[in-house]
Every structure is written in structure tokens, then in C-alpha cells.
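First residue of the sequence shown? That's 47 in the working numbering, and the numbers climb one at a time after it.
Step one of this worksheet: look at the structure below.
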Amino acid sequence: MKTSRPFRSRALHLASVVAAAGLTACAGQPGKAPPPPPAPLALEDISAPEPDWVSEESFAYPHERYLSAVGSGGTREEAEDAAYSAIARIFQAQVDAAIDVRERARKTEQGGKVRLSTDTEIDRSTTVVTNKTLSNVHIAEVWVDRRHRVTYALAVLDRAQAAAALRNKITAIDGDIDALLQQVSASADKIEAVRNYRRVQRLALEREIYNTDLGTVNGTGQGVSPSVSVTQISNDIERLLRKDMRFGVEIKGPHGREIRAALREALTQAGFAVSAGGRMADKDVLLRGKVEFKNADLPRWKFVHWAVNLDLINGHTGKIFGAISRHGREGHLNFAEAETKAVQKLQKEIISNLGHTIVSYIYGD
């Protein structure tokens with residue numbers, strides 16, 4: 047009799063299985079789960095007749111109590127890898143089905159508005175959460191078909207134990223979400239509110255995946271209904287960014303008027319609410335910066351070096367929470383034309399990805 051691979055190597059293997067599977071879905075820190083129980087010994091019998099689990103349900107590991115999958119290969123390692131992968135695919139299929147296509151489409155860039163979430167973020171959360179669920183999978187039995195030189199492995203997951211662990215994680219996440227939503231309600235700082243909403247969004251995503259895993263484990267397809275959904279939180283973030291958060295622009299230096307206009311246009315295209323009037327102290331986010339142009343006289347060509355430096359200022363606290371810098375140079379036969387080209391280039395550069403950069407700073411990512 048041989049034991050299955052040590053738990054550490056199995057856990058590392060499971061991480062690669064989930065990553066390779068490319069699990070997708072729409073974050074936060076869930077409560078710490080108790081360590082998994084030690085895996086039982088895996089029987090490798092090369093003389094016994096074919097066990098029932100190779101071709102049908104296992105008598106020792108019935109479906110109502112265990113989630114199981116069989117893998118095969120030329121070696122024991124290949125068979126165990128295949129069994130783990132088969133278990134992972136069960137969860138992958140359920141998570142993929144649970145993530146609504148419209149949930150993804152809603153977050154993609156539409157009408158010039160910046161993307162509020164990414165598929166990479168969804169995939170990362172799915173991989174982390176599902177890998178934790180799979181950490182309790184173990185190889186229960188191994189059988190070698192000597193005649194055909196094929197090794198079979200049976201991977202199993204105790205449904206009751208896994209379901210209890212998943213419910214504990216969901217309960218812990220619900221507590222964290224409630225605490226963060228209370229902070230959002232009590233905060234007058236809209237940037238802080240967005241960041242707390244962002245944490246809630248990540249936690250709600252993790253909870254959704256844990257809940258899907260719970261439905262897979264308990265065999266009903268049903269988990270614990272959430273008090274708030276990923277879609278609802280995403281809509282709250284978008285409303286706060288697009289409608290409630292007020293942006294202002296202050297630019298000093300040559301061609302400040304043109305640069306201010308370019309910045310306001312970029313913010314508007316990204317979907318933000320920009321106000322040209324009123325006191326700057328009343329803005330939630332202030333873009334304050336300086337533009338500089340310097341001449342460089344070189345043989346045959348006249349160059350103008352340009353630079354713009356912007357600070358993102360929290361209107362509630364007065365603190366700088368981000369900075370944007372762009373610089374370059376443009377040349378022509380005379381300084382006037384070179385400066386005109388420099389202004390045009392600066393406008394183009396400052397507009398490029400401005401919305402994405404600002405959202406990243408607001409999120410604190």
C-alpha cells in the first residue's frame with residue numbers, strides 16, 4: 047500500500063489545475079478557514095480485480111456523501127493529476143454557468159466610459175476561491191490495470207465537510223460586507239466611500255463564487271442568498287463615480303485654457319461629471335497642475351520641450367492621492383510652429399487613458 051502525495055504537493059498541484067482551467071467569473075479577505083483534515087491513505091492494488099469506481103459509482107464513496115471523479119494515465123502521478131483536474135472541471139462548469147454574461151458585458155468599456163472591472167480580476171478571484179474549496183480533495187484509491195498498463199485514481203471530496211467550511215466562509219464575508227457598508231454610509235469622503243465600495247465588490251465576488259461552490263458541493267445548486275449582489279455594488283460604484291462625484295480642473299502656465307478644455311473633455315468622455323464653475327473647495331476631486339514649454343535652438347531645427355504635471359487632490363481632505371506627468375518635444379523650422387505642434391501633442395497625450403488612470407487612483411489599486 048502506498049500513500050497519496052503529501053498535502054503540500056497536492057495543494058500546489060491544485061493551484062496549477064485551477065489556473066490552467068481558466069476559470070471565469072465577476073474581493074476582500076474572507077475569514078480564515080480551519081486546516082483541512084489529513085487525507086486518508088490511498089490504496090494502490092495491482093493484483094485485485096477492477097474496483098467498482100473505475101466504471102460506475104463507488105460503493106465506499108457514494109454520490110450523496112462524496113463528490114468524486116476518476117482519472118487515468120500511464121503512471122500513478124498522471125492518474126492522480128487527471129482525477130484532480132476532473133474534480134476542478136466540475137466546479138469550473140458550475141462557476142462559469144453562474145456568472146451572468148450581462149454581468150461581464152456591463153463592465154466592459156462602452157460609449158467611451160472607462161472599464162470599472164476586468165476579466166483578469168474575475169479570473170483571479172475565481173481561481174483563489176475555488177482552489178480553497180479544492181484543498182480538501184484527496185485521492186482515496188488507486189488501481190493499476192496491469193493487462194492494459196493503465197493506472198486509475200479516484201479523487202473524492204466529502205460533501206458535508208466541504209459544505210460546512212463554505213458556509214463558514216460565507217458567514218465571515220457577510221460580516222465584513224456589512225461592516226464596510228456601514229462605513230460607506232457614515233463617510234462624507236466620496237473617495238473613501240468608493241474605496242470601501244470597491245472592497246465590498248471584491249468580497250461580494252468572492253462570496254458569489256463560494257456560494258456557487260456550495261451549491262455544487264451540496265448537490266442542490268443552491269447556496270445562501272446574499273443581502274447584496276455583485277451587480278448591485280457595481281451599480282453603486284458607477285453611480286458614485288459618474289453622478290455624485292464632482293470634478294474640477296485647475297491649470298497654470300502657457301496655453302492653460304487649451305489644456306483645461308482638453309482635460310474636461312477627457313473627463314466627460316470617460317463618463318465623469320465635470321463642473322467648470324463654483325468653488326474648487328466644493329469639488330470632490332480636483333486636478334491641479336502646471337504646464338511648461340521650453341525652447342531648444344538646434345542647427346536647422348527649432349524644438350519646443352513640453353511638460354505637464356497634474357496632482358489629484360481629495361477635495362474632502364485636501365490631500366494628494368495621485369499624480370500624472372507627461373512630457374515630450376516637438377520640432378519645426380520655427381518656434382511658433384514647433385510650439386503649436388507641442389500643444390497639440392500635449393493635448394493628445396494628456397487625454398490618452400486619463401479616465402482609466404484616475405479610476406485606478408481613486409480605487410487605490
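Ideal placement from N, C-alpha and C gives every residue a C-beta, glycine not left out.
| message | Rounding to the nearest angstrom, what Cα-Cα distance links serine 398 and serine 104 in this structure? | response | 60 Å
| task | With DSSP as the reference, label aspartate 330 as helix, strand or coil. | result | coil
| query | What's the call for arginine 248, buried or exposed, on a 16-neighbour Cβ count within 10 Å? | reply | buried
| Can you give the Cα-Cα distance for alanine 143 and serine 371, rounded to whole angstroms? | 43 Å
| query | Apart from the five residues on each side of it in sequence, which residues of its chain come closer than 7 Å, Cβ to Cβ, to glycine 299? | reply | Lys336, Val337, Glu338
| query | Three or more beta-carbon pairs under 8 Å between the stretch 276–289 and the stretch 167–184, yes or no? | reply | no
| message | At the level of alpha carbons, what is the spacing between aspartate 411 and arginine 170? | response | 15 Å
| Exposed or buried, what is glutamate 96 when buried is set at 16 or more other beta-carbons lying within 10 Å of its beta-carbon? | exposed
| How big is the Cα-Cα spacing for asparagine 182 and lysine 365? | 47 Å
| field | Cβ-Cβ distance between aspartate 343 and lysine 236 below 8 Å | value | no
| Got a sec? Which residues, its chain only, sit under 8 Å from glutamate 311 by beta carbon, not counting five neighbours each side? | Ile397
| said: Pull the bridge partners of glutamate 376 from the DSSP assignment, please. | reply: Val350
| Do three or more CB pairs link the stretch 184–198 to the stretch 272–285 at distances below 8 Å? | no
| request: Determine contact between the stretch 201–219 and the stretch 227–241, defined as no fewer than three beta-carbon pairs at a distance below 8 Å. | output: no
| Can you tell me whether DSSP reads glutamate 284 as helix, strand or coil? | helix
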